[in-house]
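Chains as they are written, first to last, in the UniProt record's numbering: chain A, 1 to 472; chain B, 1 to 472.
All C-beta atoms in this analysis are idealised placements derived from N, C-alpha and C, irrespective of residue type, glycine included.
The structure appears right after this line, and notes come after that.
2 protein chains.
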Amino acid sequence: MTPDEFRQAGYAVVDWIADYWTTLDERPVTPQDPPGAVAARLPAGPPTHGEPVEAVLADLDSLVTPGLTHWQHPGFFGFFPANTSGPSVLGDMVSSGLGVQGMLWATGPACTEMETVLLDWLADLMDLPQRFRSTGPGGGVIQDSASSATLVATLVAVHRAAAGRWRQVGVDRRYRVYTSTEGHSSVEKAARIAGLGADGVRLIEVDPDTRAMSAEALRAAIEADIAAGVTPALVVATVGTTSTTAVDPLPQIGPICAEHGVFLHVDAAYAGSAAVCPELRFGHEGLEYADSYCFDPHKWLLTGFDCDAFWVADAGELVEALTVLPEYLRNAATESGAVIDYRDWQVPLGRRFRALKLWFVLRWYGVEGLREHIRSGVALAARFADRVRADDRFELVGPHPYALVCFRLRGADEPNERLLAAVNATGRIYLTHTRVAGRHTLRLAVGAPQTTKVHVDEAWELISQAALPAAD
Amino acid sequence: MTPDEFRQAGYAVVDWIADYWTTLDERPVTPQDPPGAVAARLPAGPPTHGEPVEAVLADLDSLVTPGLTHWQHPGFFGFFPANTSGPSVLGDMVSSGLGVQGMLWATGPACTEMETVLLDWLADLMDLPQRFRSTGPGGGVIQDSASSATLVATLVAVHRAAAGRWRQVGVDRRYRVYTSTEGHSSVEKAARIAGLGADGVRLIEVDPDTRAMSAEALRAAIEADIAAGVTPALVVATVGTTSTTAVDPLPQIGPICAEHGVFLHVDAAYAGSAAVCPELRFGHEGLEYADSYCFDPHKWLLTGFDCDAFWVADAGELVEALTVLPEYLRNAATESGAVIDYRDWQVPLGRRFRALKLWFVLRWYGVEGLREHIRSGVALAARFADRVRADDRFELVGPHPYALVCFRLRGADEPNERLLAAVNATGRIYLTHTRVAGRHTLRLAVGAPQTTKVHVDEAWELISQAALPAAD
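In structure tokens:
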């Protein structure tokens with residue numbers, strides 16, 4: 001494809017995306033097709049000779065988009081949001097066009113340096129502790145996801161626990177990882193990958209009301225393990241759990257980790273974005289105890305997947321844990337020690353220029369624009385929670401400190417399951433569920449960029465109507 | 001950003017990329033700035049209020065691109081190529097615009113199904129063994145990189161070796177991983193991550209001429225380990241090693257793995273793409289013994305990073321090794337068992353719609369277009385090798401079965417190091433190096449889409465001229 005062919009086809013794709021966003025509200029949020037429907041519509045193989053882009057775009061409309069769950073739909077309230085935005089798409093386009101491989105500083109100096117600078121920008125913007133800035137021994141990096149950040153934290157933690165022997169001799173299965181019963185599934189997955197198994201994970205009980213980790217229970221578990229001759233290696237605390245956005249008490253958890261030399265990773269995958277607003281930084285109290293911290297701009301900060309921002313207080317320890325240096329990657333800049341090679345901060349070797357999309361987003365929206373986006377979500381969630389609170393058939397499940405509202409019909413699970421299925425079948429909105437203290441609970445997470453109060457009110461209307469038979 | 005604002009800014013970014021590609025040849029391939037130059041040019045923080053895209057594009061030109069190594073430059077011959085192309089950029093734009101999160105089938109049915117179908121297309125196109133098709137117990141998935149594919153293969157291998165107990169109790173440090181002394185550094189990194197440590201990796205000697213793994217040495221190592229009471233878990237064979245594109249002998253390695261029940265992963269990260277041409281499939285002989293296989297369309301098949309195509313013969317075993325199912329991800333489709341949830345095929349939970357860029361590439365170029373790209377690279381490498389062969393000052397180092405030529409000035413290392421530094425300092429071309437049997441060796445890898453014989457001839461001219469003083 002020549003640059004001029006790209007120019008013409010590129011305009012068409014830009015138009016396609018703009019039209020898609022314009023028509024999102026008219027589409028069903030989720031498809032109703034059974035499994036296999038899209039696969040059956042695709043041909044058996046690629047064409048022998050090339051086809052024009054128009055043919056591909058036509059198939060995109062007829063074969064692909066009808067089979068999608070539309071995460072950017074204003075009626076998408078499932079899971080957590082997975083924001084994208086115009087400037088994010090543009091920044092990522094530039095990254096795709098440059099095709100730079102940023103594994104080493106030397107293979108893309110600007111790719112590396114902009115990432116370091118932007119992670120410092122973000123740390124400032126969110127008022128993160130000084131220890132995470134690149135001006136000291138710490139620093140930030142973009143991971144693909146919070147799951148990968150948790151894995152990297154786990155690896156550094158076992159490296160530290162083994163006083164450096166882990167790289168050579170492998171992992172000691174007596175190391176233990178602690179997270180709350182509400183911690184993300186990636187903690188167990190990371191422990192499994194690192195060779196600790198499910199036996200290596202201790203799930204710490206939570207406060208029955210707030211669903212936040214009990215610091216007393218954590219202390220008891222750590223001390224019991226030490227007495228039993230096993231080694232506490234890592235605590236993963238959560239700011240904004242996936243199920244209900246509970247906030248673990250860092251001011252109590254931090255000192256326990258410090259006392260016992262346990263690595264503390266703080267997972268704020270969803271809720272971290274809120275900290276761009278000064279009034280929403282309460283979850284970060286005590287963060288100065290953390291050895292590492294992450295949040296996902298790709299969830300709620302208008303930056304497309306994949307973009308997890310991950311900071312460590314001691315970058316030297318991280319690099320020591322993960323570096324492998326074969327001859328074909330040796331270069332003068334690396335040997336000078338004056339540069340960052342981000343391949344040593346992550347699991348994969350290769351990396352794309354992801355800082356660009358973050359740069360476009362930060363510059364287009366500015367600090368105030370990002371705050372407006374977050375505040376809008378929080379206000380819309382509060383608006384929805386008010387509706388729930390005012391209706392005796394329903395109950396709110398726990399607090400809603402950010403933009404997720406957990407709620408349910410009072411009473412048994414089954415009417416709640418039917419309610420969820422019924423509202424999702426309308427195609428107008430999409431909600432998901434969780435279990436809180438064993439009870440089936442609906443989750444409404446606000447955050448898609450196009451969602452306004454019209455959509456939240458419509459969501460309530462649909463839920464309220466669908467609940468009528470259940471209330472009879 | 002409204003859809004109409006996106007439309008206008010999108011055209012400008014498309015133009016920017018087209019102009020960048022048009023002017024690549026005029027730019028120095030690598031920057032000469034010292035570390036910190038780009039960071040020093042960036043402001044201290046994001047703007048308070050948003051800025052227009054034009055301002056960002058202007059800064060891209062003045063602050064960023066002068067600090068890049070240009071991987072798409074026609075004079076880029078370093079490492080392996082990291083192809084991008086017009087259709088790949090377009091497909092990835094659509095993915096960014098859709099912002100679909102494909103972690104579960106239910107969260108993006110078309111995202112999942114297209115990926116399954118396209119990996120079958122690729123398997124057909126490359127004539128991979130039937131066992132990797134989704135029509136049987138096997139199937140394909142897109143990983144971010146071959147490093148991650150190696151890690152996933154390592155995890156499945158230890159899961160198999162432990163007969164299922166690994167998930168619960170953790171890894172047994174008596175498991176062993178085998179690769180050749182020329183195997184990729186990601187094998188050691190994966191073993192470290194999995195908790196086996198460097199002690200868990202056996203580097204098998206290679207044939208001194210071909211640099212391919214010695215099957216006899218592999219057998220001896222496996223049998224010695226078994227006799228010593230440790231357990232061979234994984235062999236990683238390489239088709240096209242990073243250093244010299246050596247091809248390990250699968251027809252001999254495969255039966256050894258089968259005999260001892262060892263998981264065989266084949267890493268064809270770079271060279272796999274060549275198999276789109278029937279005459280370049282020699283490296284895949286014996287691939288029917290493999291339990292898993294990967295190659296990177298993002299290296300040499302015109303598809304931008306990240307896109308590693310990874311297949312397994314037994315998807316059930318893979319999912320069993322990696323799945324974790326919290327309540328908030330439960331859904332009817334998953335429970336039906338009729339769908340693929342690709343989150344269980346990889347380390348992270350989240351995933352973007354990466355099949356789209358592959359779809360745009362396969363359809364725009366067609367089978368014949370892709371073959372033409374590969375054949376062009378192979379022919380240009382052969383052309384360069386002919387120049388080297390005809391000049392008595394130089395020697396070729398090993399065969400060049402694909403599009404990488406390894407060569408050196410006869411004699412000591414130091415003149416070779418000076419030669420490399422001198423030609424790279426011209427800014428016209430960029431080569432990297434390796435060590436072969438301890439000797440400093442230059443690598444010229446053809447593969448950037450804009451590279452033609454003019455550029456290869458210029459490369460030879462520059463190298464030949466720069467070598468003159470050394471030959472005095």
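{"Asked": "What number of angstroms, rounded off, separates the C-alpha of Thr426 of chain A from the C-alpha of Ala466 of chain A?", "Found": "10 Å"}
{"Asked": "Are the C-beta of Ser273 of chain B and some C-beta of chain A separated by less than 7 Å?", "Found": "no"}
{"Asked": "Give the DSSP bridge partners of His440 of chain A, in chain order.", "Found": "A:Arg435"}
{"Asked": "Residues of the segment 168 to 186 of chain B with a CB closer than 8 Å to any CB of chain A: list them in chain order, please.", "Found": "Gln168, Val169, Gly170, Val171, Arg173, His184, Ser185, Ser186"}
{"Asked": "Since Gly99 of chain A meets chain B, which of its residues come closer than 8 Å, beta carbon to beta carbon?", "Found": "Trp71, Gln72, Ala82, Asn83, Thr84, Gly304, Phe305"}
{"Asked": "If we require 3 or more residues per run, which beta strand (DSSP E) segments fall completely within the segment 145 to 182 of chain B?", "Found": "175 to 180"}
{"Asked": "Any beta-carbon of chain B closer than 7 Å to the one on Phe263 of chain A?", "Found": "no"}
{"Asked": "Does any residue of chain A bring its CB to less than 7 Å from the CB of Gly200 of chain B?", "Found": "yes"}
{"Asked": "Could you work out which residues of chain B lie near Thr334 of chain A, taking near to mean beta carbons separated by less than 9 Å?", "Found": "Near Thr334 of chain A there are no residues of chain B at all, since even the closest Cβ is about 10 Å away, more than 9 Å."}
{"Asked": "So Trp311 of chain B is in the beta strand (DSSP E); what residue range does that whole segment cover?", "Found": "308 to 312"}
{"Asked": "Following the continuous beta strand (DSSP E) through Thr143 of chain B, name the residue where it begins and the one where it ends.", "Found": "Looking at the sequence itself, residue 143 of chain B is Gln, so the reference to Thr does not match. Run containing Gln143 of chain B: 139 to 143, per the beta strand (DSSP E) assignment."}
{"Asked": "Quick one: is Gly286 of chain B buried, meaning 16 or more other Cβ sit within 10 Å of its Cβ, or exposed?", "Found": "buried"}
{"Asked": "Helix, strand or coil, according to DSSP, for Val276 of chain A in the structure here?", "Found": "helix"}
{"Asked": "Check whether the Cβ of Phe6 of chain A lies closer than 7 Å to any Cβ atom in chain B.", "Found": "yes"}
{"Asked": "Determine the closest residue to Val158 of chain B out of B:Ala382, B:Ile374, B:Glu320, B:Glu414, with distance taken between C-alpha atoms.", "Found": "B:Glu320"}
{"Asked": "Nearest CA to the CA of Glu26 of chain A: which residue from A:His73, A:Leu60, A:Glu51?", "Found": "A:His73"}
{"Asked": "Any Cβ of chain A within less than 7 Å of the Cβ of Trp345 of chain B?", "Found": "no"}
{"Asked": "Given a threshold of 16 other Cβ atoms within 10 Å of its Cβ, counted over all protein chains shown, does Lys189 of chain B qualify as buried or as exposed?", "Found": "buried"}
{"Asked": "For the beta strand (DSSP E) that contains Phe394 of chain A, what are its first and last residues?", "Found": "394 to 396"}
{"Asked": "Output the distance between the C-alpha atoms of Gly195 of chain A and Ala194 of chain B, rounded to the nearest integer angstrom.", "Found": "5 Å"}
{"Asked": "Rank A:Pro232, A:Leu444, A:Ala315, A:Gln143 by C-alpha distance to the C-alpha of Ala269 of chain A and give the top, closest one.", "Found": "A:Gln143"}
{"Asked": "Can you pull the chain B neighbours of Tyr328 of chain A, defined as C-beta to C-beta under 8 Å?", "Found": "Phe79, Thr242, Ser243, Thr432, His433, Thr434, Arg443"}
{"Asked": "Under a CB-based cut-off of 7 Å, is Glu320 of chain A close to chain B?", "Found": "no"}
{"Asked": "Just to confirm my understanding: we take Ser243 of chain B, look at its own chain, exclude 5 residues before and 5 after, and list those with CB closer than 6 Å. What are they?", "Found": "Glu182, Thr434"}
{"Asked": "What does Phe295 of chain A touch in chain B if you count any residue whose Cβ is under 8 Å from its own?", "Found": "Near Phe295 of chain A there are no residues of chain B at all, since even the closest Cβ is about 14 Å away, more than 8 Å."}
{"Asked": "In the segment 104 to 116 of chain A, which residues sit with their C-beta less than 8 Å from some C-beta in chain B, listed in chain order?", "Found": "Trp105, Ala106, Thr107, Gly108, Pro109, Ala110, Cys111, Glu113, Met114, Thr116"}
{"Asked": "For Asp209 of chain B, which of B:Ala313, B:Ala412, B:Ala246, B:Pro297 has the nearest alpha-carbon?", "Found": "B:Ala246"}
{"Asked": "Using a C-beta to C-beta distance shorter than 7 Å, which residues of chain B count as neighbours of Trp300 of chain A?", "Found": "Within chain B, no residue comes near Trp300 of chain A; the closest Cβ sits about 13 Å away, beyond 7 Å."}
{"Asked": "Less than 7 Å between the beta carbons of Ile204 of chain A and His260 of chain A, yes or no?", "Found": "no"}
{"Asked": "Which residues in chain B have a C-beta closer than 9 Å to the C-beta of Asp127 of chain A? List them in chain order.", "Found": "Correct list: empty, because the minimum Cβ distance to chain B is about 12 Å."}
{"Asked": "What are the boundary residues of the beta strand (DSSP E) that includes residue 490 of chain B?", "Found": "Coverage of chain B is limited to positions 1 through 472, which leaves residue 490 of chain B absent and any answer about it impossible."}
{"Asked": "For a cutoff of 7 Å on Cβ pairs, would you count Val324 of chain B as touching chain A?", "Found": "yes"}
{"Asked": "Does Trp311 of chain B get closer than 7 Å to chain A when you measure Cβ to Cβ?", "Found": "no"}
{"Asked": "Residues in the same chain with beta-carbon distance under 7 Å from Gly316 of chain B, minus the five sequence neighbours each way, listed in chain order, please.", "Found": "Pro137"}
{"Asked": "For Ser88 of chain B, does the three-state DSSP call read helix, strand or coil?", "Found": "helix"}
{"Asked": "Span of the beta strand (DSSP E) holding Leu409 of chain B?", "Found": "404 to 409"}
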